[in-house]
Every structure is written in structure tokens, then in C-alpha cells.
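Asker: Residue numbers (my numbering), protein chains in the order written: chain A, 1 to 233; chain B, 234 to 452. Each residue gets a CB set at the ideal place from its N, CA and C atoms; glycine is no exception. Note that the structure is a prediction, hence the values are computed from the model and not measured.
1. Could you compute how far the alpha carbon of residue 434 of chain B sits from the alpha carbon of residue 343 of chain B?
2. Per the DSSP calculation, residue 104 of chain A is bridged to which residue(s)?
3. My guess is that residue 132 of chain A and residue 335 of chain B are in contact by the Cβ rule of under 8 Å, so how many angstroms apart are they, rounded?
4. Extract the residue ranges of the alpha helix (DSSP H) inside the region 237–268 of chain B, only unbroken runs of 4 or more that lie entirely within it.
5. Under 7 Å Cβ-Cβ, which residues of chain B neighbour residue 162 of chain A?
6. Going by DSSP, which residues form a beta bridge with residue 376 of chain B?
7. For a contact defined as C-beta to C-beta under 9 Å, what are the partners of residue 314 of chain B on chain A?
8. Kindly list, in the order they appear in chain A, the residues whose Cβ is closer than 8 Å to that of residue 328 of chain B.
9. Could you name the residues of chain B that residue 213 of chain A contacts, counting a contact when the two beta carbons are closer than 8 Å?
10. Between the Cα of residue 128 of chain A and the Cα atoms of A:220, A:121, A:144, A:140, which residue gives the shortest distance?
11. Note down, in chain order, all residues in the region 139–168 of chain A with a beta-carbon under 8 Å from any beta-carbon belonging to chain B.
12. Name the DSSP bridge partner or partners of residue 198 of chain A?
13. Where do the N-terminal and C-terminal ends of the alpha helix (DSSP H) with residue 41 of chain A fall, by residue?
14. With a Cβ-Cβ cutoff of 7 Å, do residue 412 of chain B and residue 391 of chain B count as a contact?
15. In this structure, does DSSP put residue 157 of chain A in helix, strand or coil?
16. With respect to the alpha helix (DSSP H) encompassing residue 434 of chain B, which residues constitute its N-terminal and C-terminal limits?
17. So that I know if they touch, is there some Cβ in chain B lying closer than 7 Å to that of residue 128 of chain A?
18. Along the chain, where does the alpha helix (DSSP H) that runs through residue 284 of chain B open and close?
19. Rounded to whole angstroms, what's the CA-CA distance from residue 438 of chain B to residue 257 of chain B? Just pull it up for me.
20. Strictly under 7 Å for the Cβ-Cβ distance: is residue 1 of chain A near chain B by that measure?
21. Tell me the residue span of the alpha helix (DSSP H) that contains residue 88 of chain A.
22. Could you name the residues of chain A that residue 309 of chain B contacts, counting a contact when the two beta carbons are closer than 7 Å?
23. Please classify residue 348 of chain B: does DSSP put it in a helix, a strand, or coil?
24. From residue 19 of chain A to residue 34 of chain A, what does the alpha carbon distance come to, in whole angstroms?
25. In chain B, what lies closer than 7 Å to residue 115 of chain A by C-beta?
26. When the Cα of residue 173 of chain A is compared with those of A:42, A:183, A:70, which residue comes out closest?
27. Rounding to the nearest angstrom, what Cα-Cα distance links residue 4 of chain A and residue 303 of chain B in this structure?
28. For residue 387 of chain B, return the contacting residues in chain A, with the cut-off set at a CB-CB distance below 8 Å.
29. For the alpha helix (DSSP H) holding residue 311 of chain B, just list the boundary residues, first then last.
30. Got a sec: is the Cβ-Cβ distance from residue 52 of chain A to anything in chain B below 7 Å?
31. Are the C-beta atoms of residue 220 of chain A and some chain B residue less than 7 Å apart?
32. Give me the Cβ distance between residue 281 of chain B and residue 382 of chain B, rounded to the nearest whole Å; I'm assuming they're in contact under 8 Å.
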């Protein structure tokens, strides 16, 4: 059977183009079809993943709304240009309980993406959730599983200076067991690089986002309560 | 492959991918995903299923089109067909579970260049009837998935003390972290290859025909 193939006569270029073009069109059709079918399911999966993460990092949250933080301040238009997604979480009565923000930094093996919950009442971080990472299993992934490390984020201080320009105390990761202040994170011994990356991600994100976000927090409160009033006249 | 026999719908066409010509343990093909995604058995199983779908579907299509594809553009055609099915798998896995998709990472897209699939397309599907090609692809897929699983389970048991996520040993077990790291992949693969080769040699000896061919390493 191999002989047949080797003795295949030279074919006209138009034939080659026809075959390749035809197969490419068939492929395009198949891919487009599957894309259309799976698109809503994938979007729903992503939404559920975000919802789960937001409700996890903000204690007592019952629902959330996505806003966009851009040049013009906060906006409910999710597709605002240069906007950074901000997830405002509300409790059952529609009161703002916290805001989930995204941060990222390079760890040992690659970028660590995380979501953290900022509580405007205590001006602190109430919880983090790693969204995506490729840290070493068994070592770097302790940033998710190590209970003592996760406890760092029960009330991590993130107060702004009085002029709202930056954090009063930068968030830093310190050597395991040497945490003295509320804005310090105790590293995991054996996973220092990953622990430091978490601290850096929080610090960078909080330093840039919180100064813009804090003056807008009242707006987030009103946006939700105004809509609740509309819904229950 | 030096041995050539008339391909037909029989047990041998199906089973050669599982045993005599196992893509991983005998032909040593597709080692990149074998080493990279087998740090847990669930990843290994998902990768095995994804590869199986692509291999079977592309074998069927290529075999059906084998008389229409001119020799000059056959490789390009195969790649387009394989890439199509890989893209489909990519979307489907995202729809099934985002966690799984993140765990498998870039290795789903890299199925396109998995040499098991292109090798089967070139060496088998393009020369045989669709029914025979699919039967052989199913066997090869099972062989590939079994190889992935045999690495994945061993690495998860030793490296994490669990199997398919269920804890096996309780708290007293100190996992060998090295097993889920890249070096562990090489150790376990080496171990399996040794075992496989030993079995093959013993079988050949038992049949009294320890030919020079079968004692040589697979590739």
C-alpha cells in the first residue's frame, strides 16, 4: 500500500489548493460550531468561579456586582476602557460588606493571580484566594493550604495615609515567625518565594487601586441601595 | 516499524497499541505530556481522554479522506485536521471544568504536536480503511491512556499520598515531594520502561526466540 503513495503522480497546484482550502473550511466550520455551543457554558463557568471566589474572600457576603475602576472613577459599565474589574460584595440587606480586587505577582514558577477582599470598615484585607498559579506542588502551593499562612489575611492592615495617596504601611512578607505588626505577613518556611509573591501582589495592587477606590466607596454603597429601593417600592 | 502485516479488522489491529507497540513504553512517543501532566491521576486520565478523542477523530477523518489528499500537502492537511479537533477538545474541557483546564494548562493545545497522533496519521490512518484505522486508533489511545495512568497513579500515591484525590494513608504519611516534581516523572518513567522491557524479554525468552531485535531498546 505504501507503493501507491510514492507513485502518486504530480498533481496540479489548483488541486492542492482545492483540497487544503476545502479541509481548512471544514475545520473552520467545526471550530466555529463548537465555539458557539460551548460559549455560554464557558462564560457561566467563569462567572461561577468569580462568584465563588468573591464570596469566599469577603466574609458575610451574599451577592456581588462587578464594577469597573477607570479614569472616570467607578462605573457599572464592565467594558469601560482601561477599567480594572472591581467586585463589590453585599450582604443580605444590600449593605456593602467588602470589595474584592485582583492582584498578581511573579512567584517561583510563574505569575500568581489572586483575589483579595478589602473591608472598608476596618480598612483591612479580610481574605485572599489564589485564582491561578503554577507553584511547586507540595511546597509553593502551601500558600493555599497552610492554615497558619492563610490566617495572616484574617485582618491584614491596609490603611491609607490621610491624603489617600498610598498605604500608610506597605504590606510586606517577613521571615516565618517574625510577624510583629498587622501589615506584615508571616512567610511559610520552605516556600518563602511564593509567600513573598503573595505579599508583593497585595502590596502592588493595594497601593495603586485603594487610593482610587476609597473615595468612591460611598458610590458603591449608594448604587446598590438605590437599586434595591427601585426593586421594592 | 519494521514488521508489516495485512491490516484488517481483528484483535491484533486493536491490541498492538496496548501491548506490542505501546506508543509510550515501546515506541517512546509523546513523552512530553507523559512527563508533564502526570503529577496526579485525574490529570493523567483527562489528558488520556483528550488525546484519545483527538487521535480517534483525526484518524477517522484522515482515513476517510486518504484518497483525496495529495501527497505534497498531506502533512499540512493532517496538522489542520488535528488542530481542529484539539481546539474542539480545548473548548469542551473549558466547558466541563475550569479547574481541570487550568491544571492541564498549555498541554491541551500541545496535543497538536503530539507525535503519537501525527505518527499514526502518517503511518496508519492514511494507508488503511476507516474502520481499521479507527480500531487501531482506539487501541493506541488505550495504550497511551494506560501509560499516562500508570505514571500518574504512582506519582500521586508516592508524591501526595492519595489516589484520584482520595487520601490513602492518613496524616502519618510524609509525601515524597520529588515524585510530583519533574525529576519524579523521569524516575517513574524509567521504572516503568525497565519493567516493560523485562516483561518483553522474558516473554521472548519463553518463546525461545530471543532475537536481537526484541532485546534492543524500543527506539
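Answerer: According to the structure shown:
1. On the second chain, position 201 is the one that residue 434 of chain B refers to. On the second chain, position 110 is the one that residue 343 of chain B refers to. Spanning the two alpha carbons is a distance of roughly 34 Å.
2. For the purposes of this step, residue 104 of chain A is taken as the residue at position 104 of the first chain. Looking at the DSSP assignment, residue 104 of chain A forms a beta bridge with A:113.
3. By 1-based counting over the first chain, the position of residue 132 of chain A is 132. By 1-based counting over the second chain, the position of residue 335 of chain B is 102. Contact holds; Cβ gap of about 6 Å.
4. As far as the region 237–268 of chain B is concerned, its whole alpha helix (DSSP H) runs of at least 4 residues are 244–248.
5. Along the first chain, one-based indexing puts residue 162 of chain A at 162. At a C-beta separation below 7 Å, residue 162 of chain A has no neighbours in chain B, since its nearest C-beta there lies roughly 41 Å away.
6. For the purposes of this step, residue 376 of chain B is taken as residue 143 along the second chain, with counting starting at 1. Partner(s): none; residue 376 of chain B has no beta bridge.
7. Here residue 314 of chain B is taken as the residue at index 81 of the second chain, counted from 1. The contacting residues are 23, 26, 27.
8. Position 95 of the second chain holds residue 328 of chain B. Under the 8 Å cutoff, chain A gives 38, 41, 42, 45.
9. For the purposes of this step, residue 213 of chain A is taken as the residue at position 213 of the first chain. At a C-beta separation below 8 Å, residue 213 of chain A has no neighbours in chain B, since its nearest C-beta there lies roughly 27 Å away.
10. Here residue 128 of chain A is taken as the residue at index 128 of the first chain, counted from 1. Of the candidates A:220, A:121, A:144, A:140, the one whose C-alpha sits nearest the C-alpha of residue 128 of chain A is A:144.
11. Against chain B - using a Cβ distance shorter than 8 Å - the residues of the region 139–168 of chain A are 139.
12. As a position in the first chain, residue 198 of chain A is number 198, starting the count at 1. Its beta-bridge partners do not exist; DSSP assigns none.
13. Your numbering for residue 41 of chain A matches position 41 in the first chain. Annotation for residue 41 of chain A: the continuous alpha helix (DSSP H) segment containing it runs 13–57.
14. Position 179 of the second chain holds residue 412 of chain B. Position 158 of the second chain holds residue 391 of chain B. Yes, the pair counts as a contact, with Cβ atoms nearer than the cut-off.
15. Stepping through the first chain from its first residue, residue 157 of chain A is reached at position 157. Residue state, collapsed to three classes: strand.
16. For the purposes of this step, residue 434 of chain B is taken as the residue at position 201 of the second chain. Segment 415–439, the alpha helix (DSSP H) holding residue 434 of chain B.
17. As a first step, residue 128 of chain A is located in the first chain; it is residue number 128 there, counting from the start. Cβ-Cβ to chain B under 7 Å: no for residue 128 of chain A.
18. Numbered from 1 along the second chain, position 51 holds the residue referred to as residue 284 of chain B. Its alpha helix (DSSP H) spans residues 274–297.
19. If you number the second chain from 1, residue 438 of chain B lands on position 205. If you number the second chain from 1, residue 257 of chain B lands on position 24. Their Cα atoms are separated by approximately 23 Å.
20. Here residue 1 of chain A is taken as the residue at index 1 of the first chain, counted from 1. Caution is warranted here: a pLDDT of 45 is assigned to residue 1 of chain A, below 50, making its placement in the model unreliable, and no coordinate value can be reported.
21. In the first chain, residue 88 of chain A corresponds to position 88, counting from 1. Careful: residue 88 of chain A lies outside any alpha helix (DSSP H), inside the beta strand (DSSP E) at 84–90.
22. Here residue 309 of chain B refers to the residue found at position 76 when the second chain is read from its first residue. 20, listed in chain order.
23. For this step, residue 348 of chain B is matched to residue 115 along the second chain. Three-state result, residue 348 of chain B: helix.
24. Here residue 19 of chain A refers to the residue found at position 19 when the first chain is read from its first residue. Here residue 34 of chain A refers to the residue found at position 34 when the first chain is read from its first residue. Going by the C-alpha atoms only, they are around 23 Å apart.
25. Along the first chain, one-based indexing puts residue 115 of chain A at 115. By Cβ distance, chain B contributes nothing, its closest Cβ being about 14 Å from residue 115 of chain A, past 7 Å.
26. The residue labelled residue 173 of chain A in the question sits at position 173 within the first chain. Of the candidates A:42, A:183, A:70, the one whose C-alpha sits nearest the C-alpha of residue 173 of chain A is A:183.
27. On the first chain, position 4 is the one that residue 4 of chain A refers to. On the second chain, position 70 is the one that residue 303 of chain B refers to. Any reading at residue 4 of chain A must be qualified, since the residue scores a pLDDT of 49, below 50, and its modelled position is unreliable; no value is offered.
28. Here residue 387 of chain B refers to the residue found at position 154 when the second chain is read from its first residue. The contacting residues do not exist; residue 387 of chain B stays about 15 Å from chain A at best.
29. Residue 311 of chain B sits at position 78 when you count from the first residue of the second chain. Start and end: 307–329.
30. For the purposes of this step, residue 52 of chain A is taken as the residue at position 52 of the first chain. By this cut-off, residue 52 of chain A is not an interface position.
31. If you number the first chain from 1, residue 220 of chain A lands on position 220. Closer than 7 Å: no.
32. Against the second chain, residue 281 of chain B aligns to sequence position 48. Against the second chain, residue 382 of chain B aligns to sequence position 149. With 8 Å as the limit, residue 281 of chain B and residue 382 of chain B qualify as a contact, their Cβ atoms being about 7 Å apart.
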